[in-house]
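J.: Once you've had a glance at the structure underneath, I'll fire off some questions.
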Amino acid sequence: MTKLRLRRWRRTSIVAGVVTLGLTLGPAPQAAATHVPGGGPAKSDCYSEFDVEGGTVAGVTVTDTAPVGGSCSFSVALCVNQTDVSGCTPMPPLTKIKVTPKGILTPPTDLSGATCGASASITVPLKGRKKNHPGKKIIHVVAKSSGKPKVDTDKLVLKCMVGTTTTTLQSCPANPQGGPDEADLSTADTGTDLDNGWTGISHNFPVDPRATLKVCLSGCDASTNPVCDLMGAVGANSINGATFGPPLPLIAQGVAVCVINRYQSTPVTGQMNVQTGEVSDTTPIQVNLFSDVHLISDHTN
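The sequence shown begins at 296 in our numbering and counts up by one.
See below:
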């Protein structure tokens, strides 16, 4: 298999306004999520709920699968004073929320209205010496109200089951036109720009220079046509895996956070001249990501 390793692109070789390597790291739409009330008392079960993305919901349990040796990832937010639970009327303001394990979820700062806290990415690894047994993580929440009933006690069980696939990443097929099969792109040491949110407090950060993107090439050859169509599959067991680059430690307004960039489900497509490294502004290489921002603390999940 023929590979091109383009390790350090500069802005002169790509469209102005696009991040180095032609990767557009823009705001991403929210994926669909499910509210899980948590199984508390019927008349107070709406005081707090879990907003969960990933897996299949059954009661208070959310289940996903992973190959042997792997882990499951869930995105969870804590929501308060919700109106989607039959037989329950919110009684704001809430006076207290306790989450166990401590620090695993961040409650919303405003407990007087219907709102959600920040989403947290929670990893549940498979268990056992060979990582081939189900794993689970349990979250408990106690919400206290100024009205009656006074207390809502909720539980969320995140379960990771063993899937049937392996952790081996796929590779690119041969280019039918005889050109290179694969291009390995990586971010440069300087010139990148990562913006999280819209307030500006977490803007203008670099992207780790170890962040790479693998794309399969077709429609080009080694001599007469250097412009290749490209496609980079994303997700578990794909050529790029589930995340873009390593975890990125940052300081935002004096607060230590860790950013994990997860690929959305859409494959990366575009066109690229493999002789010059140029990317056309009509076919940019755009990578759609979810950025999970974690507060760094010393708690143990």
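We put the beta carbon where it would ideally sit given N, CA and C, even for glycine. Just so you know, these numbers come straight off a predicted model, no measurement behind them.
#1: Do you know whose CA, among C374, C523, V347, S560, lies nearest D340's CA?
#2: By DSSP, does A337 sit in helix, in strand, or in coil?
#3: With burial defined as no fewer than 16 other Cβ atoms inside 10 Å of the residue's Cβ, what is the status of T538: buried or exposed?
#4: How many angstroms separate the CA atom of R351 from the CA atom of I399?
#5: Excluding the 5 residues preceding and the 5 following S440 in the sequence, name in chain order all residues of the same chain whose CB lies nearer than 6 Å to its CB.
#6: With which residues is C511 paired in a DSSP beta bridge?
#7: Can you check whether the CB of I433 is closer than 9 Å to the CB of L453?
#8: Go ahead and label R424 buried or exposed: buried means 16 or more other beta carbons lie within 10 angstroms of its beta carbon, across all protein chains shown.
#9: Tell me the residue span of the beta strand (DSSP E) that contains G430.
#10: Find the nearest neighbour of T329 within the set K338, P336, E348, G335, judged by alpha-carbon distance.
#11: What did DSSP end up calling V452 once you bin it into helix, strand or coil?
#12: Which residue from R557, T448, D359 puts its Cα closest to that of G530?
#13: Quick one: grab the DSSP three-state call for L320.
#14: Would you call the segment 513-530 and the segment 554-569 touching, i.e. three or more CB-CB distances under 8 Å?
#15: Which residue marks the beginning of the beta strand (DSSP E) containing G565, and which one marks its end?
#16: Using CA coordinates, which residue listed in D484, L590, T360, V563 is at the minimum distance from I555?
#17: Return yes when the Cβ of Q472 is within less than 9 Å of the Cβ of G527, no when it is not.
#18: Determine the DSSP secondary structure at I580, reduced to helix, strand or coil.
#19: Alpha carbons only, please: which of S575, Q548, K391 is nearest the one belonging to G442?
#20: With 16 other CB atoms within 10 Å as the buried threshold, where does N376 fall?
#21: Give the C-beta separation of S366 and S414 to the nearest angstrom, bearing in mind that I take them to be a contact with Cβ-Cβ under 8 Å.
#22: Report back the beta-carbon spacing between D516 and G458 to the nearest angstrom; my notes put them in contact at under 8 Å.
#23: Looking at F500: is its Cβ nearer than 9 Å to the Cβ of L508?
#24: Would you call V550 buried or exposed, if buried means 16 or more other Cβ atoms sit within 10 Å of its Cβ?
#25: Could you compute how far the alpha carbon of P444 sits from the alpha carbon of T358?
#26: Suppose contacts are defined by Cβ-Cβ distances below 9 Å. Is G540 in contact with D503 by that definition?
#27: When the Cα of D476 is compared with those of Q548, V552, S466, which residue comes out closest?
#28: Quick check: the Cα distance between D346 and C411, rounded to an integer number of angstroms?
#29: Is it right to say T485 is buried, meaning 16 or more other beta carbons lie within 10 angstroms of its own, or is it exposed?
#30: Taking 9 Å as the threshold (C-beta atoms), are D449 and E573 in contact?
#31: Could you name the residues of the same chain whose beta carbon sits closer than 6 Å to that of V437, not counting the 5 residues immediately before and after it, in chain order?
T.: Reading off the structure:
#1: Closest in C-alpha terms to D340, from the list C374, C523, V347, S560, comes C374.
#2: If DSSP states are grouped into helix, strand and coil, A337 belongs with coil.
#3: Classification of T538: buried, given that the 10 Å Cβ count is 16 or more.
#4: The residue asked about is misnamed: residue 351 is Thr in this sequence, not Arg. For the pair T351 and I399, the Cα-to-Cα distance works out to about 21 Å.
#5: Cβ neighbours of S440 beyond the five flanking positions: Y342, M386, L389.
#6: Looking at the DSSP assignment, C511 forms a beta bridge with E477, M526.
#7: A contact, by the Cβ cut-off of 9 Å.
#8: Exposed, because fewer than 16 other Cβ atoms sit within 10 Å of the Cβ of R424.
#9: Counting along the chain, the unbroken beta strand (DSSP E) around G430 starts and ends at 430-440.
#10: Checking every option, the nearest Cα to that of T329 belongs to E348.
#11: Looking at V452 - three-state DSSP - the assignment turns out to be strand.
#12: Among R557, T448, D359, the Cα nearest to that of G530 belongs to R557.
#13: Only weak support exists for where L320 lies, its pLDDT of 34 falling under 50; the value from the coordinates is given anyway. The three-state secondary structure of L320, taken from DSSP, is coil.
#14: In this structure the segment 513-530 touches the segment 554-569; the number of beta carbon pairs closer than 8 Å is three or more.
#15: Residues 563-568.
#16: Nearest of D484, L590, T360, V563 to I555, Cα basis: L590.
#17: With respect to Q472, G527 sits apart: the two C-beta atoms are not nearer than 9 Å.
#18: In this structure, I580 counts as coil in the three-state DSSP scheme.
#19: Closest option to G442, Cα to Cα, is K391.
#20: Taking a 10 Å sphere around the C-beta of N376, we find 16 or more other C-beta atoms and assign the residue as buried.
#21: Contact flag wrong, Cβ pair sits at about 18 Å.
#22: About 39 Å separates the Cβ atoms of D516 and G458, ruling out a contact at the 8 Å cut-off.
#23: In this structure, F500 sits away from L508, with a CB-CB distance that is not shorter than 9 Å.
#24: V550 comes out exposed.
#25: Put simply, the backbone Cα of P444 is about 31 Å away from that of T358.
#26: For G540 and D503, yes; Cβs fall inside 9 Å.
#27: Taking only the C-alpha atoms, the option nearest D476 is S466.
#28: Near 8 Å, if we compare the C-alpha coordinates of C411 and D346.
#29: That one is exposed.
#30: Taking 9 Å as the cut-off, the Cβ atoms of E573 and D449 do not count as close.
#31: If we look at V437 and ignore the five residues flanking it on each side, its Cβ neighbours are K393, T448.
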